[in-house]
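J.: Quick one: the structure is below, and I'll ask about it shortly.
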Amino acid sequence: KQEVTQIPAALSVPEGENLVLNCSFTDSAIYNLQWFRQDPGKGLTSLLLIQSSQREQTSGRLNASLDKSSGRSTLYIAASQPGDSATYLCAVRGNQFYFGTGTSLTVIP
Amino acid sequence: EPEVTQTPSHQVTQMGQEVILRCVPISNHLYFYWYRQILGQKVEFLVSFYNNEISEKSEIFDDQFSVERPDGSNFTLKIRSTKLEDSAMYFCASSRDRDTEAFFGQGTRLTVV
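Going line by line, the protein sequences match chains H and C. Counting in the working numbering, the first sequence runs from -13 upward without gaps. Counting in the working numbering, the second sequence runs from 50 upward without gaps.
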């Protein structure tokens, strides 16, 4: 069964810092990997989708990488802002989405 | 931008009652999902739906649960005889294909009292 782990569970950084969130998964037979943002009590907002054949995907200040063979993905956030404070979830897609437990990010002004 | 719409946003129900959670997926999408998230816990898979039938379901999705796509636009999750432990945020999601971006709704917060 696919297991998805996210490290760290929580992260607090000063505004302006660059940061990396990590996601690892146990089964490399995936269609794609998607990063989501979740604000407290709210839904899941899609940030980036990386296909299983891709190595990297960029959107604005966000860059996600995927190393399928080693079962790892990273989400890089450049020049963090207080508005980036949220929980970040990675989800790998097989016949369903398997979610990690998330990284709770706080960006301090 | 198209979005997945869920109603109601919050529902309070008494234990033992039936609830129906409603979702309107994005119009040209073919794959539909229900997930739930108990407060402070991981997002958990309930069921996937494709071609008007269930394609996969989790062990959580027992006889208490059912899904329907009654009219080609709505996608519903019915929970019969709700229990306290059914209290959670329920998310609907849809995608056009299995390898395209999936979009999640804002969720229905179900509180069973």
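In this text, a Cβ means the ideal position worked out from N, Cα and C, and glycines have one as well. Because the structure is a prediction, the values reported are computed rather than measured.
Mind checking PRO51 (chain C): buried by the 16 CB within 10 Å criterion, or exposed?
T.: With fewer than 16 other Cβ atoms within 10 Å, it is exposed.
J.: Using the C-alpha atoms, what's the distance from ARG118 (chain C) back to SER136 (chain C)?
T.: So the two alpha carbons sit approximately 23 Å from each other.
J.: For VAL92 (chain C) and ASN77 (chain C), I'd like the C-alpha separation in whole angstroms.
T.: Whole-angstrom Cα-Cα distance: 25 Å.
J.: Taking Cβ positions, are ILE94 (chain H) and VAL6 (chain H) nearer each other than 8 Å?
T.: No; because the gap between Cβ atoms is not below 8 Å, this pair is not in contact.
J.: Quick one: grab the DSSP three-state call for GLU150 (chain C).
T.: Note: GLU150 (chain C) maps to coil in three-state DSSP.
J.: When you check each C-beta in the region 14 to 28 of chain H against every C-beta of chain C, which residues fall closer than 8 Å?
T.: For the region 14 to 28 of chain H, which is checked against every Cβ of chain C, the residues closer than 8 Å are TYR17, ASN18, GLN20, PHE22, GLY27 and LYS28.
J.: Does any C-beta atom of chain H lie closer than 8 Å to the C-beta of PHE151 (chain C)?
T.: For the record, residue 151 (chain C) in the displayed sequence is Ala; it is not Phe. True, the Cβ-Cβ gap to chain H drops below 8 Å.
J.: Distance cutoff 8 Å, beta carbons only. Does GLU105 (chain C) sit that close to anything in chain H?
T.: Yes, GLU105 (chain C) counts as interfacial toward chain H.
J.: Starting from ASN81 (chain H), find everything on chain C with Cβ-Cβ shorter than 9 Å and list it in chain order.
T.: SER97, SER104, GLU105 and ARG147, listed in chain order.
J.: Looking at chain C, which residues of the region 58 to 87 of chain H have a Cβ within less than 8 Å of any of its Cβ atoms?
T.: So the close ones are LEU75, ALA77, ARG79, ASN81, GLN82, PHE83, TYR84, PHE85, GLY86 and THR87.
J.: Note down, in chain order, every chain C residue with its Cβ under 9 Å from the Cβ of SER32 (chain H).
T.: Within chain C, the residues near SER32 (chain H) are GLU150, ALA151, PHE152 and PHE153.
J.: Can you tell which of C:VAL73, C:GLY156 and C:ILE109 has its C-alpha closest to the C-alpha of THR125 (chain C)?
T.: Residue C:VAL73 is the option with its Cα nearest to THR125 (chain C).
J.: Below 8 Å on the Cβ atoms is my contact criterion, and I expect VAL162 (chain C) with GLN63 (chain C) to pass it. Report the Cβ-Cβ distance as a whole number of Å.
T.: 6 Å between Cβ atoms; contact.
J.: Quick one: what's got a C-beta closer than 6 Å to GLU42 (chain H)'s C-beta in the same chain, skipping five residues either side?
T.: Same-chain partners within the cutoff: SER51.
J.: What residues in its chain sit with their C-beta under 7 Å from that of ASP111 (chain C), if we drop five residues either side in the sequence?
T.: Hits under 7 Å: none found.
J.: Excluding the five sequence neighbours on either side, which residues of its own chain have a C-beta within less than 6 Å of the C-beta of ILE(-7) (chain H), listed in chain order?
T.: Excluding positions up to five away in sequence, the list reads ASN8.
J.: Roughly how many angstroms separate the alpha carbons of LYS132 (chain C) and SER58 (chain C), rounded to a whole number?
T.: Looking at the two C-alpha atoms, the distance is approximately 19 Å.
J.: Let me see if you follow: with CB-CB separation under 8 Å, is GLN37 (chain H) close to chain C or not?
T.: At least one chain C Cβ lies under 8 Å of GLN37 (chain H).
J.: What are the residues that DSSP puts in a beta bridge with SER76 (chain C)?
T.: Paired residues: none, contrary to the question.
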